[in-house]
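The next block holds one structure in the form of structure tokens; read it before the comments.
2 protein chains.
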Amino acid sequence: MPRIIKHPELRREELLDHAQTLFLTHGYDKASLNDVIATAGISKGAFYHYFASKEALLEALAERFARQALAGVQDVLGDPALDPLGRLNALLAKSRQAKVETAAEAWTLFETMFRPENLVLFHRINVAANAAFSPLLVEIIKQGVADGTFRTFDPEGVADIVMQFGLATHDVIAKAFAGGSDADMDIAIETLERRVRLYEIALDRILGLPDGSIRIGEPGYVRAVMTARRASPSSSVAAAASKARRM
Amino acid sequence: MPRIIKHPELRREELLDHAQTLFLTHGYDKASLNDVIATAGISKGAFYHYFASKEALLEALAERFARQALAGVQDVLGDPALDPLGRLNALLAKSRQAKVETAAEAWTLFETMFRPENLVLFHRINVAANAAFSPLLVEIIKQGVADGTFRTFDPEGVADIVMQFGLATHDVIAKAFAGGSDADMDIAIETLERRVRLYEIALDRILGLPDGSIRIGEPGYVRAVMTARRASPSSSVAAAASKARRM
DNA sequence: CTATTATACCGACCGACGGTCTATTCTCAA
DNA sequence: TTGAGAATAGACCGTCGGTCGGTATAATAG
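Protein sequence lines, in the order shown, are assigned to chains W and F.
Residues -10 to 236 in my numbering are what the first sequence lists, from first letter to last.
Residues -10 to 236 in my numbering are what the second sequence lists, from first letter to last.
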């Protein structure tokens, strides 16, 4: 094999890119290191020059995810026009769609992220993201408590609950994707939308706000994402990639 | 090796017992099938006569956990003296200590169950347990809504939130065990107790109850469990088993 | 313009893993 | 008594994550 030398940082990012695709497509466990290095077109030795282990690769990937999500949300915090509730709502809305423009993109991300075999990957990302977001959330909640918008105690704890609602969504969403038929899907969408409303009200009440104050996403967002599947039929990332793989 | 034949059901239970010990001690991934069959004293062939795969073993283990937890809680439901709130509190208290008598036992279970390498195992158990407990919870909440005790809608959703608070506890507890020094531990215990109180109030508010109605566990329970470590020092299951293993 | 060192990369190799297969022994109903 | 099938044994297989000795290129010093 010819020897190709690239800028280390570029090479590292490339590795993360290919790992991201493969981990999301096949799951962390099922995607082998050989797959990663074959896709990236490098040798085992080169890989272990950049990462100490497969696990370290996963960790770096989770960190990059968290960093990107954090970057996509920074502007909300600088905006002095927003009160604590507005800031919190903006944060909740943004954090769900950072780096995702269209509903179809969101669907692809969801469909892969919430597959059962991606539990480990998802959890790592969540831990990294929580570590990054927690201070921001705590700050917002403290502000809200200080100016009387929120009526609660233990801002750190509340921030944890807010973020773990995101984690709790995992199984709910996973179930929505587990259903086979389109009829199942319709029921799943309704359940999912009702569940999101319920989470919103739960947060309202925990924060001592009137019902309807918190908005996790625009109404209809769930339906928009979930119905985007029919636009991009069975040609999901998974199918396309697994076809390319065994050849 | 001499050929030993046992009653199939006994053999199966034995396999689950040994798998439980090893999975909790070393984690699902790190505990190898060879470890399991060596501990159980049987051959590969015998193992694959009882389980289709390592994953099937995990699944069966999770099911057994859920079944046992459910059994330990059945009496609460039959008690006609309890109102919905009492029933819910009893369920929350019982489900946390089914099959666990002493604080030391609870500590050992926690210390193993919440180790990061046991995420997969923990998640499987949680999924199985949720599937088993969900109908019970829904029924209780429906009763409470019907007789005016709870003021909420979407009982299924609320039941999900209640149970996922259990799941959300994972990382909080995991952090508590991650700390090294005893000083860390003291802080972790305080955080943990405050967090439990917060979860209780969150549930109160979600269910439309006055603060202080829900009781996840008796006050001081967390401290009792966590300080039980010092009683049974480094001779944890993990240390003892890993010593016995590499010989 | 060398000589030297550090960095990026290669790929054969390793032990351990989960899983398969064939062979053997035991049980028990007909 | 026998034969079908359940229960057990263990050699074997492909693949996995990871290691290692080595090579080519880039960077630096003399």
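Backbone N, C-alpha and C define an ideal beta-carbon position, used for all residues, glycine too.
Are there 16 or more other CB atoms within 10 angstroms of the CB of Arg235(W), so buried, or fewer, so exposed? For Arg235(W), the predicted model reports a pLDDT of 35, less than 50, meaning its position is unreliable and no value from the coordinates is stated.
Is it true that the segment 187 to 195 of chain W meets the segment 122 to 130 of chain W, where meeting means three or more beta-carbon pairs spaced less than 8 Å apart? no
Would you call the segment 62 to 79 of chain F and the segment 110 to 120 of chain F touching, i.e. three or more CB-CB distances under 8 Å? no
Extract the residue ranges of the alpha helix (DSSP H) inside the segment 40 to 71 of chain F, only unbroken runs of 4 or more that lie entirely within it. 43 to 60, 63 to 67
Roughly how many angstroms separate the alpha carbons of Tyr37(F) and Ala29(F), rounded to a whole number? 13 Å
Taking DSSP as the reference, what is the three-state secondary structure of Lys19(F)? coil
Contact list for the segment 170 to 200 of chain W against chain F, Cβ threshold 7 Å: Arg183, Arg184, Leu187, Ala191, Arg194, Ile195
Please state the DSSP three-state secondary structure of Glu182(F). helix
So, Gly16(W) versus Arg113(W), is the Cβ gap smaller than 9 Å? no
Between Ala49(W) and Phe40(W), how many whole angstroms is the CB-CB distance? I'm expecting something under 8 Å. 7 Å
Length of the line joining the Cα atoms of Glu100(W) and Asp68(F): 43 Å
Gly146(F) burial status per 10 Å Cβ neighbour count (16 or more: buried): buried
Classify Gln153(F): buried if its beta carbon has 16 or more other beta carbons within 10 angstroms, exposed otherwise. buried
Measure from the C-beta of Ile130(W) to each C-beta in chain F and report whether the shortest distance is under 9 Å. no
Interface residues of chain F around Val65(W) at Cβ under 9 Å? Result: empty, since nearest Cβ-Cβ is about 25 Å, beyond 9 Å.
Relative to the C-alpha of Ala55(W), which candidate in Leu110(W), Glu106(W), Val25(W), Thr141(W) has its C-alpha closest? Leu110(W)
Residue-level contact to chain F via CB, Gln153(W), 9 Å cutoff: yes
Taking 9 Å as the CB-CB cut-off, is Leu13(F) touching chain W? no
Within 10 angstroms of its Cβ, does Asn107(W) collect 16 or more other Cβ (buried), or is it exposed? buried
Distance between Arg53(W) and Leu5(W) (C-alpha atoms, nearest Å): 9 Å
Where Ala92(W) and Met215(W) are concerned, what is the direct C-alpha to C-alpha distance, given to the nearest angstrom? 8 Å
What is the DSSP secondary structure of His7(W), reduced to helix, strand or coil? helix
Are the CB atoms of Phe139(W) and Leu71(W) nearer to each other than 9 Å? no
Using a Cβ cut-off of 8 Å, pull out every chain W residue sitting near His112(F), in sequence order please. Leu108
Using Cβ-Cβ distances below 9 Å, what residues of the segment 114 to 148 of chain W are close to chain F? Asn115, Val116, Asn119, Thr141, Phe142, Asp143, Glu145, Gly146, Val147
Phe208(W), buried or exposed, once every other Cβ within 10 Å from all chains shown has been counted against 16: With the sequence shown as reference, residue 208(W) is identified as Pro, and Phe is not the correct amino acid for it. Classification of Pro208(W): exposed, given that the 10 Å Cβ count is below 16.
What does the alpha-carbon distance come out to for the pair Leu18(W) and Ser202(F)? Per the sequence shown, the amino acid found at residue 18(W) is Asp instead of Leu. Between Asp18(W) and Ser202(F), the C-alpha separation is close to 44 Å.
Among Ala135(W), Leu126(W), Ile(-7)(W), whose alpha-carbon lies nearest the alpha-carbon of Ala79(W)? Leu126(W)
Looking at the unbroken alpha helix (DSSP H) that takes in Thr97(F), where does it start and where does it end? 92 to 102
So what's Asp136(W) in DSSP terms, helix, strand or just coil? coil
Within the 9 Å Cβ cut-off, does Ser150(W) reach chain F? Reading off the sequence shown, one finds Ile at residue 150(W), where the question assumed Ser. Interface residue, yes.
With 16 other Cβ atoms within 10 Å as the buried cut-off, status of Arg184(W): buried
Cβ neighbour criterion (16 or more within 10 Å) applied to His(-4)(W): exposed
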